[in-house]
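S.K.: Per this note's numbering, the sequence shown runs over residues 227 to 269. The structure's right below; bear with me while I get my questions together.
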Amino acid sequence: MGPKGPKVIHVGYTPAHVEQVFFPHAEVVGDLGLSLARLARAG
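Next up, the structure:
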């Protein structure tokens, strides 16, 4: 990961632990099943 690396979306039931090598551009925090279903419908 880096400034010119891939865009990362963290999907989980807890917030991401941001580190030097893992820094998501966006987060979806909550129930995984419902979150993924809504993302699939939106995409």
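Glycine included, C-beta positions come from ideal geometry on N, C-alpha and C.
When DSSP labels each residue in this structure, what does Gly259 get in the three-state scheme?
M.R.: Taking the sequence shown and counting its residues from 1, one reaches residue 259 at position 33. Three-state DSSP puts Gly259 in a helix.
S.K.: Just the Cα atoms here: how many angstroms apart are Ala252 and Leu260?
M.R.: Sequence index remark: in the sequence shown, residue 252 carries index 26 (1-based). Sequence index remark: in the sequence shown, residue 260 carries index 34 (1-based). Going from the Cα of Ala252 to the Cα of Leu260 covers about 17 Å.
S.K.: Could you work out which residue in Val237, Arg267, Phe249, Pro241 is closest to Lys230 when comparing CA atoms only?
M.R.: Residue 230 sits at position 4 when you count from the first residue of the sequence shown. Among Val237, Arg267, Phe249, Pro241, the Cα nearest to that of Lys230 is on Phe249.
S.K.: State the CB to CB distance for the pair Val237 and Leu258, rounded to an integer number of angstroms; the pair is presumed to be in contact (CB under 8 Å).
M.R.: The residue given as residue 237 occupies position 11 in the sequence shown. The residue given as residue 258 occupies position 32 in the sequence shown. Val237 to Leu258, Cβ: 7 Å. Contact.
S.K.: Can you name, in chain order, every residue of its own chain whose Cβ lies under 6 Å from the Cβ of Pro241, other than the five neighbours on each side?
M.R.: As a first step, residue 241 must be located in the sequence shown, where it is residue number 15. Cβ neighbours of Pro241 beyond the five flanking positions: Val255.
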